[in-house]
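With positions in the sequence shown counted from 1, the corresponding number in this note's numbering is that position plus 137.
From the three backbone atoms N, C-alpha and C, an ideal C-beta is built for every residue, glycine too.
What follows is a single structure, written as C-alpha coordinates, with notes after it.
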Amino acid sequence: MINLFVSRIFRAIKIDIELFEEVEKDKKATFQAGGVVVLSSLAAGVGSIHLGATNFLIAPALSLLSWYVWAYIIYFVGVKLFGDNKTKSDHGELLRTIGFSSAPGLIRVFGVTPELMTVTFVGSAFWMLACMVVAVKSALDYDSLWKAFGVVVVSWIVQAFFLFLILVLFKGI
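Structure (C-alpha coordinates):
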(Lines of atoms letter the chains of each structure in order from A; the text may use other names.)
(Lines give C-alpha, C1' and ligand atoms only; values in the text may rest on other atoms or scores of the structure.)
Protein backbone atom coordinates (compact mmCIF):
# COMPACT_ATOMS: atom_id res chain seq x y z
CA MET A 138 0.00 0.00 0.00
CA ILE A 139 2.78 2.46 0.90
CA ASN A 140 4.61 1.51 -2.31
CA LEU A 141 1.53 2.40 -4.35
CA PHE A 142 1.23 5.72 -2.50
CA VAL A 143 4.89 6.65 -3.06
CA SER A 144 4.69 5.53 -6.68
CA ARG A 145 1.64 7.72 -7.23
CA ILE A 146 3.42 10.71 -5.70
CA PHE A 147 6.37 10.30 -8.07
CA ARG A 148 4.04 9.82 -11.03
CA ALA A 149 2.16 13.01 -10.08
CA ILE A 150 5.46 14.90 -9.83
CA LYS A 151 6.29 13.70 -13.36
CA ILE A 152 2.80 14.87 -14.49
CA ASP A 153 1.88 11.35 -15.61
CA ILE A 154 -1.50 11.81 -17.30
CA GLU A 155 -2.40 8.17 -16.67
CA LEU A 156 -1.97 8.70 -12.92
CA PHE A 157 -4.64 11.38 -12.86
CA GLU A 158 -7.00 9.13 -14.82
CA GLU A 159 -6.19 6.31 -12.38
CA VAL A 160 -6.85 8.24 -9.18
CA GLU A 161 -9.96 9.82 -10.69
CA LYS A 162 -11.51 6.35 -10.83
CA ASP A 163 -10.04 4.93 -7.60
CA LYS A 164 -12.37 5.95 -4.75
CA LYS A 165 -9.91 4.49 -2.25
CA ALA A 166 -7.33 7.10 -3.33
CA THR A 167 -9.14 9.99 -1.62
CA PHE A 168 -7.23 9.53 1.65
CA GLN A 169 -3.99 9.22 -0.31
CA ALA A 170 -4.78 12.50 -2.07
CA GLY A 171 -5.41 14.12 1.30
CA GLY A 172 -2.09 12.70 2.46
CA VAL A 173 -0.33 14.37 -0.47
CA VAL A 174 -1.97 17.69 0.45
CA VAL A 175 -0.84 17.34 4.08
CA LEU A 176 2.71 16.28 3.12
CA SER A 177 2.99 19.18 0.67
CA SER A 178 1.76 21.56 3.35
CA LEU A 179 4.19 20.17 5.92
CA ALA A 180 7.01 20.56 3.38
CA ALA A 181 6.03 24.21 3.01
CA GLY A 182 6.04 24.55 6.79
CA VAL A 183 9.52 23.08 7.04
CA GLY A 184 10.74 25.22 4.14
CA SER A 185 9.42 28.37 5.77
CA ILE A 186 10.24 27.47 9.37
CA HIS A 187 12.57 30.49 9.56
CA LEU A 188 9.40 32.64 9.32
CA GLY A 189 7.97 31.07 12.47
CA ALA A 190 6.73 27.74 13.78
CA THR A 191 3.06 28.66 13.39
CA ASN A 192 3.41 28.08 9.63
CA PHE A 193 4.26 24.48 10.35
CA LEU A 194 1.38 23.99 12.76
CA ILE A 195 -1.52 25.81 11.07
CA ALA A 196 -0.71 25.18 7.41
CA PRO A 197 -1.80 21.51 7.18
CA ALA A 198 -5.30 22.24 8.49
CA LEU A 199 -5.71 25.25 6.22
CA SER A 200 -4.38 23.26 3.27
CA LEU A 201 -6.93 20.50 3.79
CA LEU A 202 -9.74 23.01 4.07
CA SER A 203 -8.67 24.94 0.98
CA TRP A 204 -8.22 21.69 -0.98
CA TYR A 205 -11.79 20.72 -0.17
CA VAL A 206 -13.20 24.15 -1.05
CA TRP A 207 -11.02 24.40 -4.17
CA ALA A 208 -12.48 21.13 -5.48
CA TYR A 209 -16.02 22.49 -5.05
CA ILE A 210 -15.17 25.72 -6.83
CA ILE A 211 -13.57 23.86 -9.72
CA TYR A 212 -16.57 21.54 -9.86
CA PHE A 213 -18.95 24.49 -10.11
CA VAL A 214 -16.86 26.40 -12.65
CA GLY A 215 -15.79 23.39 -14.68
CA VAL A 216 -19.02 21.40 -14.73
CA LYS A 217 -21.80 23.92 -14.24
CA LEU A 218 -20.39 26.99 -16.03
CA PHE A 219 -18.05 25.57 -18.67
CA GLY A 220 -19.17 21.95 -18.97
CA ASP A 221 -20.07 20.35 -22.26
CA ASN A 222 -21.73 17.09 -23.30
CA LYS A 223 -18.65 15.02 -22.39
CA THR A 224 -18.05 16.70 -19.03
CA LYS A 225 -18.95 14.48 -16.13
CA SER A 226 -17.42 14.47 -12.71
CA ASP A 227 -18.14 14.52 -9.01
CA HIS A 228 -16.52 16.16 -6.03
CA GLY A 229 -14.60 13.00 -5.10
CA GLU A 230 -12.93 12.74 -8.51
CA LEU A 231 -11.80 16.34 -8.24
CA LEU A 232 -10.59 15.84 -4.66
CA ARG A 233 -8.43 12.91 -5.75
CA THR A 234 -6.93 14.46 -8.86
CA ILE A 235 -6.39 17.90 -7.33
CA GLY A 236 -4.90 16.34 -4.19
CA PHE A 237 -2.26 14.54 -6.21
CA SER A 238 -1.53 17.71 -8.17
CA SER A 239 -0.05 19.06 -4.90
CA ALA A 240 2.82 16.57 -5.07
CA PRO A 241 5.38 18.99 -6.56
CA GLY A 242 4.89 21.09 -3.42
CA LEU A 243 7.06 18.56 -1.61
CA ILE A 244 10.16 20.37 -2.93
CA ARG A 245 9.28 23.32 -0.70
CA VAL A 246 10.95 21.42 2.12
CA PHE A 247 14.24 22.70 0.67
CA GLY A 248 13.32 26.37 1.14
CA VAL A 249 15.25 26.61 4.39
CA THR A 250 16.81 30.01 3.60
CA PRO A 251 15.01 33.07 2.23
CA GLU A 252 16.74 32.66 -1.16
CA LEU A 253 15.96 28.95 -1.43
CA MET A 254 12.44 29.55 -0.19
CA THR A 255 11.75 31.96 -3.05
CA VAL A 256 13.05 29.55 -5.68
CA THR A 257 11.36 26.44 -4.29
CA PHE A 258 8.03 28.10 -3.53
CA VAL A 259 7.72 29.91 -6.87
CA GLY A 260 8.99 26.89 -8.81
CA SER A 261 6.65 24.50 -7.06
CA ALA A 262 3.70 26.88 -7.59
CA PHE A 263 4.13 26.75 -11.37
CA TRP A 264 4.77 23.00 -11.27
CA MET A 265 1.62 22.45 -9.20
CA LEU A 266 -0.30 24.66 -11.63
CA ALA A 267 0.77 22.42 -14.52
CA CYS A 268 -0.28 19.34 -12.52
CA MET A 269 -3.58 21.00 -11.61
CA VAL A 270 -4.40 21.67 -15.26
CA VAL A 271 -3.75 18.02 -16.17
CA ALA A 272 -5.74 16.89 -13.12
CA VAL A 273 -8.73 19.05 -14.04
CA LYS A 274 -8.56 17.91 -17.67
CA SER A 275 -8.70 14.30 -16.47
CA ALA A 276 -11.37 14.76 -13.84
CA LEU A 277 -13.70 16.81 -16.07
CA ASP A 278 -13.08 14.74 -19.22
CA TYR A 279 -12.04 17.77 -21.26
CA ASP A 280 -10.42 17.43 -24.68
CA SER A 281 -8.39 20.61 -24.28
CA LEU A 282 -5.68 21.52 -21.79
CA TRP A 283 -6.48 25.16 -22.55
CA LYS A 284 -10.04 24.72 -21.34
CA ALA A 285 -8.75 23.05 -18.17
CA PHE A 286 -6.28 25.92 -17.74
CA GLY A 287 -9.11 28.43 -18.11
CA VAL A 288 -11.19 26.61 -15.48
CA VAL A 289 -8.24 26.59 -13.07
CA VAL A 290 -7.60 30.32 -13.58
CA VAL A 291 -11.27 31.31 -13.26
CA SER A 292 -11.60 29.11 -10.16
CA TRP A 293 -8.50 30.66 -8.65
CA ILE A 294 -9.95 34.14 -9.23
CA VAL A 295 -13.23 33.09 -7.57
CA GLN A 296 -11.38 31.59 -4.60
CA ALA A 297 -9.15 34.67 -4.27
CA PHE A 298 -12.21 36.94 -4.32
CA PHE A 299 -13.90 34.97 -1.53
CA LEU A 300 -10.69 34.91 0.50
CA PHE A 301 -10.41 38.67 0.09
CA LEU A 302 -14.03 39.07 1.24
CA ILE A 303 -13.42 36.91 4.30
CA LEU A 304 -10.30 38.88 5.20
CA VAL A 305 -12.13 42.19 4.81
CA LEU A 306 -15.17 41.03 6.79
CA PHE A 307 -13.16 39.59 9.67
CA LYS A 308 -10.53 42.31 9.79
CA GLY A 309 -12.50 44.22 12.39
CA ILE A 310 -12.88 41.21 14.70
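- Separation of glycine 229 and tyrosine 209 (C-alpha to C-alpha, rounded to the nearest whole angstrom) is 10 Å.
- Between the C-alpha atoms of glutamate 158 and threonine 234 there is a straight-line separation of about 8 Å.
- Residues Asp278 of the same chain have their beta carbon placed closer than 7 Å to that of lysine 225, with the five preceding and five following residues left out of the count.
- Shown here for glutamate 161: same chain residues with a beta carbon closer than 7 Å to its own, the five before and five after excluded, namely Glu230, Arg233, Thr234, Ser275 and Ala276 in chain order.
- DSSP, reduced to helix, strand and coil, places isoleucine 186 within a helical segment of the structure shown.
- With the rule of 3 Cβ pairs closer than 8 Å, the segment 192-202 does not count as touching the segment 254-266.
- In the three-state reduction of the DSSP assignment, serine 177 falls in the helix class.
- Taken through DSSP and simplified to helix, strand or coil, serine 261 comes out as helix.
- When secondary structure is reduced to three states using DSSP, asparagine 140 falls in the helix class.
- Residue burial annotation: alanine 166 is buried, with at least 16 other C-beta atoms found within 10 angstroms of its C-beta.
- Note on geometry: alpha-carbon atoms of serine 177 and lysine 308 lie some 28 Å from one another.
- Relative to leucine 188, the option among Lys164, Val305, Trp283 and Thr255 whose CA is nearest is Thr255.
- When secondary structure is reduced to three states using DSSP, tyrosine 212 falls in the helix class.
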